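Q: Numbering (the numbering used here), first residue to last: 1 to 818. A virtual CB, placed ideally from N, CA and C, is assigned to each residue, including glycine. The structure presented is a predicted model; accordingly, all values stated were derived computationally and were not measured. Encoded as structure tokens, here's the structure I'll be asking about.
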Amino acid sequence: SYQYILALVFAAKQISENLQLLANVTLGFNIYNSNFSPSWTFLASMRLLSMHSRFIPNYKCDLGNIPIAVIGGPDICLHMLNLLSIYKIPQVFPGSHKFLSVPIITSCNSLEAVSVFKPLMNKETQDVFLQQMFPNEVLQHQGILLLLLHFRWTWIGLLSVKDEAGEKFVQDVVPKFSQHGICFNFMEWFPNVAFYSDFMDVMDKGLEIYEILMKSTSSVIIIFGELRTMLILRTLLRFSEVEDLGLREKIWVMPAQMDFTSVSLNRNWDICFLHGALSFSSNSKEVFGFQEFLQSRNPTTEPHDGFIRDFWEQVFECSFPNTKKRIKRPENICTGEERLQALPASAFELNMSGHSYNVYNAVYAVAHALQSMHSSKYKQRNWMNLEKQKFQDLQSWQVSLHRGGMLLVQPGSIELVISFDRYGEFIGGLDIINWITFPNRSFSKVKVGRIDHFAPLDKIFNIHLEFITWPETFNQVRDRAYPISLCNDHCQRGFRKTKKEGKPFCCYDCLPCPEGKISAERADCSPCPEDQYPNHNKNACIPKVITFLSYEDALGISLAICALSFAFITSYVLRIFIQHRDTPIVKANNRNLTYVILISLLLSFLCVLLFIGRPNKFVCLLRQPAFGIIFSVAVSCLLAKTIVVVLAFMATKPGSKMRKWVGKKMVSSIVFSCTLVQAIICASWLMTFPPYPDSDKHSMSQEIVLECNEGSVTMFYCVLGFMGFLATVSFSAAFLARKLPDSFNEAKFITFSMFVFCSVWLSFVPSYLSTKGKYMVAVEIFSILSSSAGLLGCIFAPKCFIILFKPEQNSKHLLMKR
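As structure tokens, then:
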């Protein structure tokens with residue numbers, strides 16, 4: 001680009017006029033052109049090693065024309081490292097990709113980059129003479145990644161030049177981006193345009209890439225290339241004029257190696273596609289006097305500028321009268337008075353761009369290296385001893401480029417410090433540039449952020465959203481602070497991601513979260529804390545309600561009323577039996593056992609009240625053992641009644657030895673032994689794994705159930721099992737004795753009552769295990785009430801009926817007669 005040459009000329013002019021830097025020394029330079037060809041680039045490098053007037057490689061006897069250093073162009077001149085390093089010529093490279101960089105004498109006047117082999121770097125020879133004036137490419141890769149992560153752009157496209165630089169970029173960034181959740185809609189190579197390329201093949205490939213670009217669902221596309229890549233991209237997008245796909249706006253993300261370039265063929269093409277693009281550029285500051293220097297130049301004032309007349313005719317589309325070019329219209333004659341500031345930025349930029357700034361600093365780097373040599377005491381002594389040696393007779397290998405730091409003094413501005421590490425790597429940051437285009441094919445570059453190499457890791461990336469201008473299509477979405485680039489929209493709250501088969505991991509379907517889980521922050525579903533549960537939309541957690549079977553619940557108060565009612569009935573029955581204790585029907589079958597059974601049933605009904613209310617330590621310790629022992633007393637009494645009846649009839653037979661077993665001792669021993677066994681089981685339970693108050697947060701989805709943890713489920717079922725054993729034995733004995741004379745026999749009533757008892761508790765086990773929360777307690781209460789009521793009704797209801805309503809039948813005479 002002509003601006004690079006002007007940056008070189010301006011820097012050399014400043015240095016020559018600076019009395020503090022290389023006083024009385026004028027910097028001269030030669031400019032070589034690559035002509036878009038690697039062979040011409042090699043030819044230019046060979047000319048550096050030849051005589052000025054004749055091209056004889058490796059023969060140079062005119063010492064006045066030996067170059068002190070070489071400054072390379074930003075994207076061409078990639079073939080000279082091995083060659084120039086042999087002759088120990090220092091090389092300053094203002095572009096990136098140090099391993100591909102081979103500078104020539106000055107900025108190359110070319111817009112085409114070439115694909116090259118990767119030179120072999122020999123640290124002892126080549127790297128010593130190479131100085132890069134561009135941040136390490138790793139910093140740029142990190143900057144692109146941070147930019148994508150900042151805007152949450154996870155679905156992107158990638159277009160790259162097909163050379164070693166492009167291939168290395170793809171190899172480096174694709175795995176790293178994937179590790180951070182970024183995937184690629186497509187990855188394509190720019191068509192390789194060379195003079196020997198078949199035009200139709202290039203066009204077909206270009207059309208294929210254009211269709212991929214326009215059909216892609218990604219809004220962000222990374223462009224990796226050099227200066228000529230902008231020309232290729234602009235050519236590709238021209239397909240919008242002949243294709244039905246149209247030109248869909250994209251956000252282009254470009255590396256610092258790229259810059260806007262234009263040639264005569266495309267200078268009038270629309271550049272609106274760049275509106276809102278983001279690019280990187282090496283840190284730069286305003287150079288004082290550069291714009292005035294540009295505006296002061298014209299073909300009249302600079303007759304020795306070999307480029308300005310061609311440049312003038314191209315940008316102003318005119319011809320000078322003495323030119324051999326054919327004038328399109330007579331009025332298109334160059335006067336030399338045209339103003340550069342009237343040109344759109346697409347034709348010529350007045351501001352020093354990132355590459356021009358690097359060239360400018362490269363010239364200063366060489367000047368400071370020369371000054372350092374001249375000012376060292378060793379060199380002063382050397383020159384004093386060699387009086388005939390002149391400054392311009394220095395050999396290029398004597399020029400040592402700085403390591404560790406450099407101070408560039410720019411006239412009219414603050415001092416700018418440029419640093420290098422011990423390996424000669426440039427230490428600097430990158431600016432983030434936002435491109436804004438205008439209808440007149442001009443554009444503006446706005447600095448909207450920075451990648452600061454010296455900042456801490458958490459502050460290395462800085463960007464100002466308020467300064468960014470996005471493409472018009474994305475600005476229409478008012479509810480978004482910035483455009484999105486996703487394979488599909490984020491899953492709404494309450495939904496989870498599921499992978500789409502055959503698609504990258506950034507593409508997914510959204511399915512509702514499973515039961516018990518929520519998705520509150522557009523992430524994968526996660527369970528709520530134990531004390532909370534998901535709402536209906538599964539996008540938030542709601543605190544669970546603490547519940548237990550209380551007296552305030554309809555179920556709790558109903559069961560309490562039932563228990564008290566049965567307790568009252570039992571008390572009334574006991575009172576009736578006490579009042580009629582001397583009647584035959586009460587005295588039959590052991591009156592004392594009847595009292596014990598009624599008292600046990602009364603306590604059983606009252607025991608229900610221990611199961612209702614907020615659980616505490618005392619209640620939890622008491623209720624299950626109390627219930628087990630009381631019921632065991634009742635069932636063992638019924639067993640004793642049955643056995644007494646059976647033994648009584650057996651004892652009436654002549655010569656029976658059962659007489660000695662009939663009596664109060666027999667009854668007491670049965671009741672006491674059975675109760676003792678149950679008491680031992682309960683005591684063992686309380687001493688080993690006692691019940692305790694607990695909260696069940698998992699059984700009920702929306703409730704935290706306060707309950708008594710049984711401590712040991714095994715011991716709990718041992719208590720129930722022993723009661724079941726007693727009931728089974730009692731039922732069996734009563735069933736066998738059911739055909740004995742009815743006047744003295746309760747076996748039928750005991751059989752039926754035990755049948756009810758066993759049926760209730762057999763159905764209790766599956767019901768208890770299948771219910772949750774406070775309803776488990778309700779099932780146990782219902783079982784206690786049902787079995788107790790069954791015993792009370794089956795055994796005592798017939799007797800109470802006779803006592804109260806048939807008193808005439810309550811006589812010994814009628815009982816004996818029956």
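With distances taken Cα to Cα, identify the nearest neighbour of ASN268 among ASP305, SER281, ASN283, VAL315.
A: Locating residue 268 in the sequence shown gives position 268, counting from the first residue. Residue VAL315 is the option with its Cα nearest to ASN268.
Q: Taking the continuous alpha helix (DSSP H) assigned at ASP310, which residues delimit it?
A: Residue numbering aside, residue 310 sits at position 310 when the sequence shown is read from its first letter. Unbroken alpha helix (DSSP H) run through ASP310: 308 to 316.
Q: Based on the DSSP secondary-structure assignment, which residues constitute the bridge partners of LYS517?
A: If you number the sequence shown from 1, residue 517 lands on position 517. DSSP, once it has assigned bridges, lists PRO527 as partnering LYS517.
Q: Which word fits LEU274, buried or exposed, when buried means at least 16 other C-beta atoms lie within 10 angstroms of its C-beta?
A: Along the sequence shown, one-based indexing puts residue 274 at 274. Buried, because 16 or more other Cβ atoms sit within 10 Å of the Cβ of LEU274.
Q: Please look up how many angstroms separate the CB atoms of ARG614 and SER550, rounded, as I've assumed it's under 8 Å.
A: Translated into positions along the sequence shown, residue 614 becomes position 614. Translated into positions along the sequence shown, residue 550 becomes position 550. Rounded, the Cβ-Cβ distance is 7 Å, consistent with contact.
Q: Among the residues of its own chain, which have a CB less than 6 Å from the CB of VAL760, if the five just before and after it don't count?
A: Here residue 760 corresponds to residue number 760 of the sequence shown, with the count starting at 1. The answer, listed in chain order, is SER783, SER786, SER787.
Q: Just reading off the alpha helix (DSSP H) that ILE221 is part of, what are its end residues?
A: Locating residue 221 in the sequence shown gives position 221, counting from the first residue. Element bounds for ILE221: not the alpha helix (DSSP H) but the beta strand (DSSP E), 220 to 224.
Q: Count the other C-beta atoms from every protein chain shown that fall within 10 angstroms of the C-beta of VAL446, then say buried if there are 16 or more, exposed otherwise.
A: To locate residue 446, count along the sequence shown from 1; it is residue 446. So VAL446 ends up on the exposed side.
Q: Report yes or no: do three or more beta-carbon pairs, one from the stretch 726 to 739 and one from the stretch 763 to 772, lie closer than 8 Å?
A: No, the stretch 726 to 739 does not touch the stretch 763 to 772.
Q: According to DSSP, ASN709 sits in a beta bridge with which residue or residues?
A: Residue mapping note: residue 709 aligns to position 709 of the sequence shown, counting from 1. DSSP, once it has assigned bridges, lists TYR692 as partnering ASN709.
Q: Decide if ASP431 is buried, meaning its Cβ has at least 16 other Cβ atoms within 10 Å, or exposed.
A: Taking the first residue of the sequence shown as 1, we reach residue 431 at position 431. Its Cβ being crowded by 16 or more others within 10 Å, ASP431 is buried.
Q: How big is the Cα-Cα spacing for GLY721 and ILE576?
A: Position 721 of the sequence shown holds residue 721. Position 576 of the sequence shown holds residue 576. Approximately 34 Å, taken between the alpha carbons.
Q: Given the structure, does ILE222 come close to the ligand HEM, in the sense that its CB is under 8 Å from one of the ligand's heavy atoms?
A: Questions concerning the ligand HEM fall outside what the structure shown contains, since it holds no ligand whatsoever.
Q: In the structure shown, what three-state DSSP assignment does PHE260 receive?
A: Looking up residue 260 in the sequence shown gives position 260. Coil.
Q: Apply the 10 Å Cβ neighbour rule to ARG228 and answer buried if 16 or more other Cβ atoms are within range, or exposed otherwise.
A: Your numbering for residue 228 matches position 228 in the sequence shown. Under this definition ARG228 is a buried residue.
Q: Quick one: is HIS536 buried, meaning 16 or more other Cβ sit within 10 Å of its Cβ, or exposed?
A: Counting from one through the sequence shown, the residue named residue 536 turns up at place 536. It counts as exposed.
Q: Can you give me the Cβ contacts of ILE557 inside the same chain, cut-off strictly under 6 Å, excluding the 5 residues immediately before and after it?
A: Indexing the sequence shown from 1 puts residue 557 at position 557. Hits under 6 Å: TYR551.
Q: In terms of residues, what are the limits of the alpha helix (DSSP H) holding ASN535?
A: In the sequence shown, counting from the first residue as 1, residue 535 sits at position 535. Taken as a continuous stretch (DSSP letters only), ASN535 belongs to no alpha helix (DSSP H), as it is neither H nor E.
Q: Quick check: the stretch 598 to 610 against the stretch 561 to 572, are at least 3 beta-carbon pairs closer than 8 Å?
A: At 8 Å Cβ cutoff, the stretches touch.
Q: Assuming CYS510 and CYS525 are in contact, meaning their beta carbons sit under 8 Å apart, how far apart are those beta carbons, in whole angstroms?
A: The count along the sequence shown starts at 1 and reaches residue 510 at position 510. The count along the sequence shown starts at 1 and reaches residue 525 at position 525. 11 Å between Cβ atoms; not a contact.
Q: Going by Cα to Cα distance, which pick from CYS674, PHE631, PRO483, SER262 is closest to PHE348?
A: In the sequence shown, residue 348 corresponds to position 348, counting from 1. Here the closest residue by C-alpha is SER262.
Q: Alpha carbon to alpha carbon, how far is ASN488 from ARG496? Give it in angstroms, no decimals.
A: Within the sequence shown, numbered from 1, the residue matching residue 496 stands at position 496. Within the sequence shown, numbered from 1, the residue matching residue 488 stands at position 488. Taking the straight line joining both Cα atoms gives about 13 Å.
Q: From which residue to which residue does the beta strand (DSSP E) around LYS13 run?
A: As a first step, residue 13 must be located in the sequence shown, where it is residue number 13. No beta strand (DSSP E) holds LYS13; the alpha helix (DSSP H) holding it covers 2 to 17.
Q: Checking 9 Å against the spacing of the C-beta atoms, do ILE251 and TRP470 come in under that value?
A: Within the sequence shown, the letter at position 251 stands for residue 251. Within the sequence shown, the letter at position 470 stands for residue 470. Taking 9 Å as the Cβ cut-off, ILE251 and TRP470 qualify as a contacting pair.
Q: Just to check my reading of the structure: THR547 and VAL777 have Cβ atoms closer than 8 Å, yes? What is that Cβ distance to the nearest angstrom?
A: For this step, residue 547 is matched to residue 547 along the sequence shown. For this step, residue 777 is matched to residue 777 along the sequence shown. Between VAL777 and THR547 the Cβ distance is about 11 Å, and since that is not below 8 Å, they are no contact.
Q: Have a look at MET46 and VAL359 and give me their C-alpha separation to the nearest angstrom.
A: Here residue 46 refers to the residue found at position 46 of the sequence shown. Here residue 359 refers to the residue found at position 359 of the sequence shown. Distance between the alpha carbons of MET46 and VAL359 is about 22 Å.
Q: What's the call for TYR533, buried or exposed, on a 16-neighbour Cβ count within 10 Å?
A: Start at 1 with the first residue of the sequence shown, and residue 533 comes out as number 533. With 16 or more Cβ atoms within 10 Å of its Cβ, TYR533 is classed as buried.
Q: Count the other C-beta atoms from every protein chain shown that fall within 10 angstroms of the C-beta of THR581, then say buried if there are 16 or more, exposed otherwise.
A: Counting from 1 along the sequence shown, the entry for residue 581 is found at position 581. The sequence shown places Arg at residue 581, not Thr. Exposed: under 16 other Cβ atoms inside 10 Å.
Q: Does DSSP put PRO512 in a helix, in a strand, or in coil?
A: Taking the sequence shown and counting its residues from 1, one reaches residue 512 at position 512. Reduced to three states, the DSSP call for PRO512 is strand.
Q: Is the distance from the Cβ of LEU158 to the Cβ of ILE451 below 9 Å?
A: By 1-based counting over the sequence shown, the position of residue 158 is 158. By 1-based counting over the sequence shown, the position of residue 451 is 451. The answer is no: Cβ separation not under 9 Å.
Q: Classify ILE104 as helix, strand or coil using the three-state DSSP reduction.
A: Walking along the sequence shown from the start, residue 104 turns up at place 104. Any reading at ILE104 is ruled out, since the residue's pLDDT is 29, under 50, leaving its predicted position unreliable.
Q: Is the beta carbon of PRO90 less than 9 Å from the beta carbon of ILE56?
A: For the purposes of this step, residue 90 is taken as residue 90 along the sequence shown, with counting starting at 1. For the purposes of this step, residue 56 is taken as residue 56 along the sequence shown, with counting starting at 1. In this structure, ILE56 does not lie closer than 9 Å to PRO90 by Cβ.
Q: Quick one: residues in its chain with C-beta nearer than 8 Å to the C-beta of PRO512, no 5 flanking neighbours on either side, listed in chain order?
A: Counted from its first residue, the sequence shown places residue 512 at position 512. Only GLY494, PHE495, ARG496, LYS538 meet the Cβ criterion.
Q: Where do the ends of the beta strand (DSSP E) carrying PHE280 lie?
A: Locating residue 280 in the sequence shown gives position 280, where the first residue counts as 1. Segment 278 to 282, the beta strand (DSSP E) holding PHE280.
Q: Report the rounded CA-to-CA distance for VAL9 versus LYS88, giving the unit in angstroms.
A: The residue given as residue 9 occupies position 9 in the sequence shown. The residue given as residue 88 occupies position 88 in the sequence shown. Approximately 25 Å, taken between the alpha carbons.
Q: Just the Cα atoms here: how many angstroms apart are ILE31 and ALA365?
A: By 1-based counting over the sequence shown, the position of residue 31 is 31. By 1-based counting over the sequence shown, the position of residue 365 is 365. Approximately 18 Å, taken between the alpha carbons.
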